[in-house]
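Here is the structure we will look at, set down as structure tokens.
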Amino acid sequence: MAGKAARGIAAILLMAFGPPLTWLAILWSDPVGSGLGAPALLYALAALASVPGLIGLWMLPGRNRTKALILPLYLTAIVLVLLYTLVVFVCVALHDCP
55 MAGKAARGIA
65 AILLMAFGPP
75 LTWLAILWSD
85 PVGSGLGAPA
95 LLYALAALAS
105 VPGLIGLWML
115 PGRNRTKALI
125 LPLYLTAIVL
135 VLLYTLVVFV
145 CVALHDCP
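Residue numbers (the numbering used here): 55 to 152.
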């Protein structure tokens with residue numbers, strides 16, 4: 055029982071903190087500064103940032119049907135979190151925060 059609880063807590067922490075921290079690491083590394091400024095690159099990096107959260111969702115104890123029902127809601131939340139993190143990152147980088 056304790057193993058399931060620990061696995062659930064680890065999965066929830068990975069789902070909550072994995073994508074934003076990965077996204078911040080990607081933004082901090084300035085991938086556009088390398089000369090690869092295609093929009094496809096930015097979409098691919100955003101998709102890459104969502105991978106830790108998807109792994110966390112897969113780690114949750116429960117049925118696959120339940121996870122499939124959670125997936126669209128989680129992906130919507132991840133998109134909103136990554137967009138908000140991008141806005142805050144740009145705001146801080148430009149020293150133009152309200």
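Just so it is clear, CB atoms sit at the ideal spot from N, CA and C, and this is done for glycine as well.
If contacts are defined as beta-carbon pairs under 8 angstroms, then residue i and residue j qualify, I think. What distance do you get, rounded to the angstrom?
i    : j    : result
L125 : G62  : Actually they do not touch by this definition, with Cβ atoms about 17 angstroms apart.
L111 : Y138 : Going by Cβ atoms, the distance from L111 to Y138 rounds to 20 angstroms, so no, they are not a contact pair.
L95  : P106 : L95 to P106, Cβ: 19 angstroms. No contact.
L68  : I109 : 6 angstroms
Which of the three DSSP states is assigned to residue i in this structure?
i    : result
R117 : coil
C151 : coil
Go through its chain and collect everything with a Cβ distance to residue i's Cβ below 8 angstroms, but skip five positions before and after it.
i    : result
K121 : L111, W112, L114
L136 : P73, P74, W77, A100, A103, S104
Is residue i buried or exposed, if buried means 16 or more other CB atoms sit within 10 Å of its CB?
i   : result
A59 : exposed
L65 : Going by the sequence as given, residue 65 is Ala instead of Leu. It counts as buried.
Beta-carbon within less than 7 angstroms of residue i's beta-carbon, same chain only, minus the 5 sequence neighbours each way: which residues are those?
i    : result
C151 : C145
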